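First residue of the sequence shown: 1, per UniProt numbering; consecutive thereafter. Glycine is no exception: its CB is placed at the ideal position from the N, C-alpha and C atoms. All of these numbers come straight from a predicted model, not from anything done at the bench. Shown next, in C-alpha coordinates, is the structure this report addresses.
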Amino acid sequence: MAGGKCLALIAHDQKKNEMAEFARRNRNQLSKWKIVATGTTGGRVLDAVPDLDVTRLKSGPLGGDQQIGALISTGEVGALIFFVDPLTPMPHDVDVKALMRLAIVYDIPMALNEATAEKLIPTLNA
(Lines of atoms letter the chains of each structure in order from A and count residues from 1; the text may use other names and numbers.)
(Lines give C-alpha, C1' and ligand atoms only; values in the text may rest on other atoms or scores of the structure.)
Protein backbone atom coordinates (compact mmCIF):
# COMPACT_ATOMS: atom_id res chain seq x y z
CA MET A 1 0.00 0.00 0.00
CA ALA A 2 2.99 2.29 0.00
CA GLY A 3 2.79 5.21 -2.40
CA GLY A 4 -0.47 6.95 -3.13
CA LYS A 5 -3.46 7.86 -1.09
CA CYS A 6 -5.13 5.20 1.04
CA LEU A 7 -8.60 5.42 2.57
CA ALA A 8 -10.06 2.97 5.09
CA LEU A 9 -13.73 1.96 4.90
CA ILE A 10 -15.52 0.12 7.70
CA ALA A 11 -19.21 -0.38 8.42
CA HIS A 12 -20.97 -2.18 11.22
CA ASP A 13 -23.41 -4.89 10.09
CA GLN A 14 -26.50 -2.67 10.14
CA LYS A 15 -24.66 -0.02 8.10
CA LYS A 16 -23.13 -2.16 5.34
CA ASN A 17 -25.93 -1.41 2.86
CA GLU A 18 -25.40 2.31 3.47
CA MET A 19 -21.66 1.92 2.87
CA ALA A 20 -22.25 0.06 -0.40
CA GLU A 21 -24.63 2.77 -1.57
CA PHE A 22 -22.20 5.48 -0.43
CA ALA A 23 -19.47 3.84 -2.52
CA ARG A 24 -21.78 3.61 -5.53
CA ARG A 25 -22.73 7.31 -5.28
CA ASN A 26 -19.11 8.39 -4.76
CA ARG A 27 -17.42 5.97 -7.17
CA ASN A 28 -15.62 8.74 -9.09
CA GLN A 29 -14.07 10.28 -5.98
CA LEU A 30 -13.26 6.90 -4.41
CA SER A 31 -11.58 5.70 -7.61
CA LYS A 32 -8.77 8.18 -6.91
CA TRP A 33 -7.86 6.29 -3.73
CA LYS A 34 -6.45 2.96 -2.74
CA ILE A 35 -8.99 1.54 -0.30
CA VAL A 36 -8.54 -0.84 2.59
CA ALA A 37 -11.62 -2.26 4.22
CA THR A 38 -12.56 -4.82 6.79
CA GLY A 39 -13.55 -8.12 5.18
CA THR A 40 -17.31 -8.05 4.79
CA THR A 41 -17.48 -4.30 4.23
CA GLY A 42 -14.85 -4.59 1.50
CA GLY A 43 -16.83 -7.38 -0.15
CA ARG A 44 -20.01 -5.32 -0.13
CA VAL A 45 -18.21 -2.29 -1.56
CA LEU A 46 -16.68 -4.44 -4.32
CA ASP A 47 -20.09 -5.93 -5.11
CA ALA A 48 -21.46 -2.40 -5.50
CA VAL A 49 -18.46 -0.94 -7.36
CA PRO A 50 -16.24 -3.73 -8.73
CA ASP A 51 -13.75 -1.37 -10.38
CA LEU A 52 -12.54 0.22 -7.11
CA ASP A 53 -9.06 -0.62 -5.80
CA VAL A 54 -10.11 -2.35 -2.55
CA THR A 55 -7.88 -4.50 -0.37
CA ARG A 56 -9.96 -6.60 2.00
CA LEU A 57 -8.49 -7.24 5.43
CA LYS A 58 -9.86 -9.47 8.17
CA SER A 59 -13.36 -9.00 9.52
CA GLY A 60 -13.48 -6.31 12.23
CA PRO A 61 -14.06 -8.70 15.16
CA LEU A 62 -11.30 -10.99 13.88
CA GLY A 63 -8.65 -8.26 13.82
CA GLY A 64 -9.54 -6.09 10.82
CA ASP A 65 -10.06 -3.00 12.97
CA GLN A 66 -6.62 -3.55 14.47
CA GLN A 67 -5.07 -4.07 11.04
CA ILE A 68 -6.45 -0.72 9.91
CA GLY A 69 -5.24 0.86 13.14
CA ALA A 70 -1.74 -0.41 12.39
CA LEU A 71 -1.91 1.11 8.90
CA ILE A 72 -2.97 4.43 10.42
CA SER A 73 -0.04 4.34 12.85
CA THR A 74 2.45 3.70 10.04
CA GLY A 75 1.06 6.55 7.95
CA GLU A 76 -0.31 4.29 5.21
CA VAL A 77 -3.96 5.22 5.80
CA GLY A 78 -4.69 8.91 5.45
CA ALA A 79 -8.44 8.98 6.15
CA LEU A 80 -11.08 6.78 7.77
CA ILE A 81 -14.76 6.41 6.98
CA PHE A 82 -16.46 4.21 9.56
CA PHE A 83 -20.24 3.89 9.50
CA VAL A 84 -20.86 3.13 13.16
CA ASP A 85 -24.10 1.60 14.42
CA PRO A 86 -24.55 3.17 17.87
CA LEU A 87 -27.68 1.13 18.65
CA THR A 88 -26.21 -2.37 18.42
CA PRO A 89 -23.84 -3.70 21.09
CA MET A 90 -20.48 -4.71 19.66
CA PRO A 91 -18.49 -7.53 21.25
CA HIS A 92 -15.30 -5.97 19.87
CA ASP A 93 -16.11 -2.48 21.17
CA VAL A 94 -12.60 -2.08 22.63
CA ASP A 95 -11.09 -2.60 19.16
CA VAL A 96 -13.44 0.02 17.69
CA LYS A 97 -12.47 2.51 20.40
CA ALA A 98 -8.77 1.79 19.85
CA LEU A 99 -9.17 2.40 16.11
CA MET A 100 -10.92 5.73 16.69
CA ARG A 101 -8.26 6.68 19.21
CA LEU A 102 -5.50 6.06 16.63
CA ALA A 103 -7.31 8.17 14.04
CA ILE A 104 -7.43 10.99 16.58
CA VAL A 105 -3.83 10.54 17.77
CA TYR A 106 -2.49 10.54 14.20
CA ASP A 107 -4.85 13.39 13.28
CA ILE A 108 -6.34 11.87 10.15
CA PRO A 109 -9.76 12.86 8.83
CA MET A 110 -12.43 10.52 10.21
CA ALA A 111 -16.14 10.32 9.41
CA LEU A 112 -18.32 8.16 11.63
CA ASN A 113 -21.60 8.57 9.76
CA GLU A 114 -22.82 9.03 6.21
CA ALA A 115 -23.58 12.75 6.51
CA THR A 116 -20.03 13.52 7.60
CA ALA A 117 -18.54 11.17 5.00
CA GLU A 118 -20.42 13.02 2.25
CA LYS A 119 -18.84 16.28 3.45
CA LEU A 120 -15.39 14.70 3.83
CA ILE A 121 -15.03 13.04 0.42
CA PRO A 122 -14.81 16.25 -1.67
CA THR A 123 -12.17 17.69 0.66
CA LEU A 124 -9.98 14.60 0.35
CA ASN A 125 -9.83 14.95 -3.42
CA ALA A 126 -9.15 18.69 -3.41
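Review point. Do the CB positions of L102 and G64 come within less than 8 Å of each other?
Key: no
Check your understanding: Span of the alpha helix (DSSP H) holding T116?
Key -> 114-124
Point to revise | First and last residue of the uninterrupted beta strand (DSSP E) at L62 | key: Here L62 belongs to no beta strand (DSSP E), and DSSP marks it neither H nor E.
Practice item. Would you mind sorting K16 into buried or exposed? The rule is 16 or more other CB atoms within 10 Å of its CB. Key: buried
Practice item. Note down, in chain order, each residue of its chain lying with its Cβ closer than 6 Å to the Cβ of P122, except the 5 sequence neighbours on either side. Key: none
**Study point:** I35 beta carbon less than 8 Å from that of L52
**Key:** yes
Review point. For A8, which beta-bridge partners are listed by DSSP?
Key: V36, L80
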